[in-house]
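Residue numbers (the working numbering), protein chains in the order written: chain A, 23 to 134; chain B, 5 to 119.
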């Protein structure tokens with residue numbers, strides 16, 4: 023069965039600093055990979071997704087992620103973080119069984 | 005479009021009571037799913053449906069029932085509530101299947117407390 027690991031439970035960065043959130047997956051074939059963001063008290067919103075083609079994926083709000091098959095990773099990056107980016111970020115993997123499996127999330131705190 | 009709506013927003017139950025969490029979408033989406041969110045556990049898939057009349061189990065289906073009689077609605081039933089079911093429940097829908105990497109649209113959530 024597929025699984026997703028987000029090794030960082032909580033990350034703190036200063037506003038304007040760069041950001042990288044880690045995501046590792048376990049799946050035998052080419053996975054479908056997603057990053058979602060959840061603001062406090064809200065539902066989840068899609069940031070970006072990968073299913074084929076270019077391994078560097080651009081998303082909303084200035085985020086990007088790179089699929090690295092050799093490392094089974096799909097890390098999320100942003101060159102300059104804004105205070106409004108403070109939220110919880112979830113990586114997810116989907117497969118041919120139609121299930122979408124989420125990681126445990128990384129909470130991002132941004133200091134001014 | 006209202007998107008994905010969930011009712012109620014908040015509910016308190018006593019152990020052993022039953023209730024139904026409602027979920028509706030007005031986007032004509034085939035795929036609908038229910039997740040529960042618990043601290044440190046992320047979102048875990050309870051049940052999902054790939055179309056009217058078709059449902060299947062996710063990671064944590066025990067204690068929950070679903071049905072999909074229409075495209076728009078996907079209610080989640082708790083047959084006999086237990087304190088372990090205290091959680092925040094999210095409903096989501098997408099145009100197609102997870103296997104096609106379709107974007108899922110999430111409702112605002114239902115916060116459930118079982119005493």
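Positions of the beta carbon are idealized from the N, C-alpha and C atoms, including for glycine.
Residue burial annotation: residue 50/B is buried, with at least 16 other C-beta atoms found within 10 angstroms of its C-beta.
At the C-beta level, residue 29/B and residue 91/B stay beyond 8 Å of one another.
In the DSSP secondary-structure assignment, residue 5/B is not bridged to any residue. Under DSSP, the beta-bridge partners assigned to residue 115/A are 55/A, 123/A. Your pair residue 66/A and residue 80/A does not check out as a contact, with CB atoms roughly 19 Å apart and the cut at 8 Å. Looking only at 69/B, 44/B, 43/B, the smallest Cα-Cα distance to residue 53/B is reached by 69/B. The distance from the Cβ of residue 72/B to that of residue 24/B is about 13 Å, inconsistent with a contact at the 8 Å cut-off. Using a Cβ-Cβ cut-off of 8 Å, residue 9/B does not count as an interface residue toward chain A, since no Cβ of chain A sits closer than that to its own. Of the candidates 31/B, 89/B, 7/B, the residue whose Cα lies closest to the Cα of residue 19/B is 89/B.
Residue 82/A carries a helical assignment under DSSP once its states are collapsed to helix, strand and coil. Distance from the Cα of residue 45/B is smallest, within the candidate group 100/A, 94/A, 125/A, 119/A, for 125/A. Counting C-beta atoms within 10 angstroms of its own C-beta, residue 31/A has fewer than 16 neighbours from the protein chains shown and is therefore classed as exposed. Note on geometry: alpha-carbon atoms of residue 9/B and residue 113/A lie some 23 Å from one another.
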